[in-house]
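Enquirer: Mind looking over this structure? Questions follow.
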Amino acid sequence: MDIQLLVSMTVWTVCGAVLLFVLMYVDSVFTRYHDLEEIKNGNMAVTTRFVLKLLAQAYILSSSISASSRLSEALIVSLISFFLLLVLERTVRVLLWKWGRMNLDHGTQQGKIGYGLVAGSLHIAGALIISSFL
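Here numbering that gives the first Met the number 0 is used: the first residue of the sequence shown is 0, the next is one more, and so on.
Dropping the structure here:
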């Protein structure tokens, strides 16, 4: 292992972590509650959704980095993947509301862990589907 590889690994890791932070922040803007406040208050449903969302975003980022030869390409693929995931999740949320009157944000905010698991698993399923193309 040479110094160039170590520097490259560090740069890719820092850029990936910054992008992951930004994506998690943008996603939290689309929820009707404040993720970090709910987590601090002990809401396990929100914590479950947050952890699954973080794993899904990290998996997409990992897949795009492993499939890319350039950092800029990996970051762009991750951004596009994030927006695809956001659209996919919103579509399923609308369908769940129309078909089953299931409001995932409301149930998750109320602390219903089942709602948090369903909401988080939408992220995981979307990440697996999107990453299969990378």
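Glycine included, C-beta positions come from ideal geometry on N, C-alpha and C.
On a Cα-Cα basis, can you pick out the residue from SER71, ASN40, LYS111 and PHE29 that is closest to TRP11?
Expert: The shortest C-alpha separation from TRP11 is found at SER71.
Enquirer: Locate the alpha helix (DSSP H) running through LYS39, then write down its first and last residues.
Expert: It spans 34 to 39 - the alpha helix (DSSP H) in which LYS39 sits, taken as one unbroken run.
Enquirer: Alpha helix (DSSP H) containing LYS52: first to last residue?
Expert: Counting along the chain, the alpha helix (DSSP H) containing LYS52 begins and ends at 43 to 66.
Enquirer: Based on Cα-Cα distance, which residue from HIS122, LEU22, GLY113 and PHE49 lies nearest to VAL91?
Expert: It is HIS122.
Enquirer: Cutting at 7 Å between CB atoms, please list the residues of its own chain near GLY125, excluding the five before and the five after it.
Expert: ALA55, LEU84, LEU87 and GLU88.
Enquirer: Considering only their Cβ atoms, is the gap separating LEU133 from ALA66 smaller than 7 Å?
Expert: Taking 7 Å as the Cβ cut-off, ALA66 and LEU133 qualify as a contacting pair.
Enquirer: Can you give me the Cβ contacts of SER77 inside the same chain, cut-off strictly under 7 Å, excluding the 5 residues immediately before and after it?
Expert: Same-chain partners within the cutoff: LEU18, ILE59, LEU60 and SER63.
Enquirer: Is DSSP giving GLN3 helix, strand or coil here?
Expert: Helix at GLN3.
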